[in-house]
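*Asks:* In my numbering, the protein residues as written are 99 to 367. Ideal Cβ placement from N, Cα and C applies to all residues, glycine included. Structure provided below as structure tokens; questions to follow.
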């Protein structure tokens with residue numbers, strides 16, 4: 099199970115039962131399409147994916163197969179590798195100065211994709227680990243050479259030494275389908291603003307929480323991976339034109355993801 103304190107045993111049992119049922123359904127489905135396989139193959143192990151099983155069958159299935167297998171709950175998280183990729187980069191925003199209530203977010207919003215691989219380099223979904231994985235943002239200069247600040251979360255005091263980066267800067271992982279219909283793990287940042295005009299990059303850092311609560315990730319979390327956005331501009335408000343919504347954002351909205359910020363957008367021009 100790994101060292102995950104605080105996991106509800108009942109929840110774990112439900113996940114194990116669900117995985118077992120899914121595995122049994124996959125085996126029955128494959129044997130139905132290929133009688134020869136039923137007589138020669140033994141039931142798969144908990145590490146096998148549906149894609150692995152169907153590779154033995156000569157029958158082509160009409161429905162698409164999942165590209166990511168659900169990781170065994172018994173797998174050691176220390177044998178996994180974690181990769182972050184920015185799949186949607188911000189283009190611009192407007193500086194908000196001291197007008198926190200009228201700030202506008204980065205457009206389009208930052209979206210980062212997480213790929214987790216086991217010791218055999220297979221893509222997996224580490225079900226038991228997902229609640230402990232968070233990504234948080236930090237601000238860098240446009241050339242990426244200088245770290246500027248870690249930003250400020252909504253609701254925290256900002257009167258003294260106000261940060262340049264502001265908004266909902268921490269995201270938990272969401273399972274969504276990409277534009278090709280493949281299930282993936284994504285971190286969404288729809289409400290991020292910049293206080294001062296300039297050219298910047300934003301770093302997305304993935305951590306595994308060891309204690310409850312999001313503050314103090316450096317003290318309570320284990321670093322896993324990072325990725326940087328391309329450079330973008332924070333413009334004066336009168337020069338700002340909101341970037342059009344992307345196909346990826348629209349797809350995630352249709353799937354129920356919250357891709358709208360609380361902040362106000364100026365009208366299109």
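Classify residue 282: buried if its beta carbon has 16 or more other beta carbons within 10 angstroms, exposed otherwise.
*Replies:* Taking the chain shown and counting its residues from 1, the one referred to as residue 282 is at position 184. Residue 282 is buried by the Cβ-count criterion.
*Asks:* By the 10 Å Cβ neighbour count, where 16 or more other Cβ atoms means buried, how is residue 305 classified, buried or exposed?
*Replies:* Within the chain shown, the letter at position 207 stands for residue 305. By the 10 Å Cβ count, residue 305 comes out buried.
*Asks:* Starting from the N-terminal side, write out each stretch of the alpha helix (DSSP H) that is 4 residues or longer and does not extend beyond the segment 288-340.
*Replies:* 315-318, all fully within the segment 288-340.
*Asks:* Could you check how far apart the C-beta atoms of residue 213 and residue 193 are, in whole angstroms? I think they sit under 8 angstroms.
*Replies:* In the chain shown, the residue the question calls residue 213 occupies position 115. In the chain shown, the residue the question calls residue 193 occupies position 95. At roughly 34 angstroms, the Cβ-Cβ gap does not stay under 8 angstroms, so residue 213 and residue 193 are not in contact.
*Asks:* Under 8 angstroms by Cβ, that's how I've got residue 235 and residue 300 pegged, so tell me the actual separation to the nearest angstrom.
*Replies:* Locating residue 235 in the chain shown gives position 137, where the first residue counts as 1. Locating residue 300 in the chain shown gives position 202, where the first residue counts as 1. That belief holds up - the Cβ atoms of residue 235 and residue 300 are roughly 5 angstroms apart, short of 8 angstroms.
*Asks:* Look at the alpha carbon of residue 271 and the alpha carbon of residue 196, and state the distance between them as a whole number of angstroms.
*Replies:* Reading the chain shown from its first residue, position 173 is the one you call residue 271. Reading the chain shown from its first residue, position 98 is the one you call residue 196. So the alpha carbons of these two residues sit roughly 31 angstroms apart.
*Asks:* Start and end of the alpha helix (DSSP H) containing residue 349?
*Replies:* Within the chain shown, the letter at position 251 stands for residue 349. Element bounds for residue 349: 345-352.
*Asks:* Cβ of residue 290 within 8 angstroms of Cβ of residue 203?
*Replies:* As a working note, residue 290 is residue 192 in the chain shown. As a working note, residue 203 is residue 105 in the chain shown. In this structure, residue 203 lies closer than 8 angstroms to residue 290 by Cβ.
*Asks:* Between residue 260 and the rest of its own chain, which residues show a CB-CB distance below 7 angstroms, the 5 nearest in sequence each way excluded?
*Replies:* Along the chain shown, one-based indexing puts residue 260 at 162. Cβ neighbours of residue 260 beyond the five flanking positions: 293.
*Asks:* Can you find the residues in the same chain that come closer than 6 angstroms, C-beta to C-beta, to residue 356, ignoring five residues on each side of it along the sequence?
*Replies:* Along the chain shown, read from residue 1 onward, the residue named residue 356 stands at position 258. Excluding sequence neighbours, residue 356 sits near nothing in its chain.
*Asks:* Just confirm the distance between the C-beta atoms of residue 269 and residue 226, as a whole number of angstroms; I'd bet it's less than 8 angstroms.
*Replies:* The sequence position of residue 269 within the chain shown is 171, counting from 1. The sequence position of residue 226 within the chain shown is 128, counting from 1. With 8 angstroms as the limit, residue 269 and residue 226 do not qualify as a contact, their Cβ atoms being about 19 angstroms apart.
*Asks:* Where DSSP assigns a beta bridge to residue 277, which residues make up the other side?
*Replies:* In the chain shown, the residue the question calls residue 277 occupies position 179. According to DSSP, residue 277 bridges with nothing at all.
*Asks:* Residue 177 and residue 216 look like a contact to me (Cβ under 8 angstroms); what is the Cβ gap, rounded to whole Å?
*Replies:* As a working note, residue 177 is residue 79 in the chain shown. As a working note, residue 216 is residue 118 in the chain shown. Contact holds; Cβ gap of about 7 angstroms.
*Asks:* Could you check whether residue 284 and residue 211 sit closer than 8 angstroms to each other, using their CB atoms as the reference points?
*Replies:* Numbered from its first residue, the chain shown carries residue 211 at position 113. Numbered from its first residue, the chain shown carries residue 284 at position 186. Yes.
*Asks:* When you compare the CB positions of residue 189 and residue 207, do they come within less than 8 angstroms of one another, or not?
*Replies:* Taking the chain shown and counting its residues from 1, one reaches residue 189 at position 91. Taking the chain shown and counting its residues from 1, one reaches residue 207 at position 109. Their beta carbons are not under 8 angstroms apart, which means residue 189 does not touch residue 207 by this criterion.
*Asks:* Does the distance from the C-beta atom of residue 374 to that of residue 209 stay below 8 angstroms?
*Replies:* The shown model of the chain, from 99 to 367, leaves out residue 374, and the question about it has no answer.
*Asks:* Would you call the CB atoms of residue 288 and residue 230 closer than 8 angstroms?
*Replies:* Working through the chain shown from its first residue, we reach residue 288 at position 190. Working through the chain shown from its first residue, we reach residue 230 at position 132. Going by C-beta atoms, residue 288 is not nearer than 8 angstroms to residue 230.
*Asks:* Leaving out five residues before and five after residue 328 in sequence, what residues of the same chain have Cβ atoms less than 6 angstroms from its Cβ?
*Replies:* Looking up residue 328 in the chain shown gives position 230. If we look at residue 328 and ignore the five residues flanking it on each side, its Cβ neighbours are 187.
*Asks:* Could you check what DSSP says for residue 225 in three-state terms: helix, strand or coil?
*Replies:* To locate residue 225, count along the chain shown from 1; it is residue 127. Looking at residue 225 - three-state DSSP - the assignment turns out to be helix.
*Asks:* Whole angstroms is fine: what's the gap from residue 338's alpha carbon to residue 297's?
*Replies:* Numbered from 1 along the chain shown, position 240 holds the residue referred to as residue 338. Numbered from 1 along the chain shown, position 199 holds the residue referred to as residue 297. Roughly 14 angstroms separates the two Cα atoms.
*Asks:* What did DSSP end up calling residue 177 once you bin it into helix, strand or coil?
*Replies:* For the purposes of this step, residue 177 is identified with residue 79 of the chain shown, where counting begins at 1. DSSP places residue 177 in helix when its eight states are reduced to three.
*Asks:* Please state the DSSP three-state secondary structure of residue 218.
*Replies:* Counting from one through the chain shown, the residue named residue 218 turns up at place 120. Coil at residue 218, not helix or strand.
*Asks:* What does DSSP give as the partner residues of residue 247 in its beta bridges?
*Replies:* The residue you call residue 247 lines up with position 149 of the chain shown. Beta-bridge pairing links residue 247 to 237.
*Asks:* Using CA atoms only, rank isn't needed, just tell me which of 221, 273, 243, 263 is closest to residue 354.
*Replies:* As a position in the chain shown, residue 354 is number 256, starting the count at 1. Nearest C-alpha to residue 354: 273.
*Asks:* On a Cα-Cα basis, can you pick out the residue from 262, 280, 198, 263 that is closest to residue 222?
*Replies:* Here the question's residue 222 lines up with position 124 in the chain shown. The option with the nearest alpha carbon to residue 222 is 280.
*Asks:* In three-state DSSP terms, what is residue 199?
*Replies:* As a working mapping, residue 199 is identified with position 101 in the chain shown. If DSSP states are grouped into helix, strand and coil, residue 199 belongs with the helices.
*Asks:* Between residue 247 and residue 263, is the Cβ-Cβ spacing less than 8 angstroms?
*Replies:* Start at 1 with the first residue of the chain shown, and residue 247 comes out as number 149. Start at 1 with the first residue of the chain shown, and residue 263 comes out as number 165. In contact: residue 247 and residue 263 (Cβ atoms closer than 8 angstroms).
*Asks:* Nearest CA to the CA of residue 276: which residue from 348, 198, 266?
*Replies:* As a first step, residue 276 is located in the chain shown; it is residue number 178 there, counting from the start. For the residues 348, 198, 266, the minimum Cα distance to residue 276 belongs to 348.
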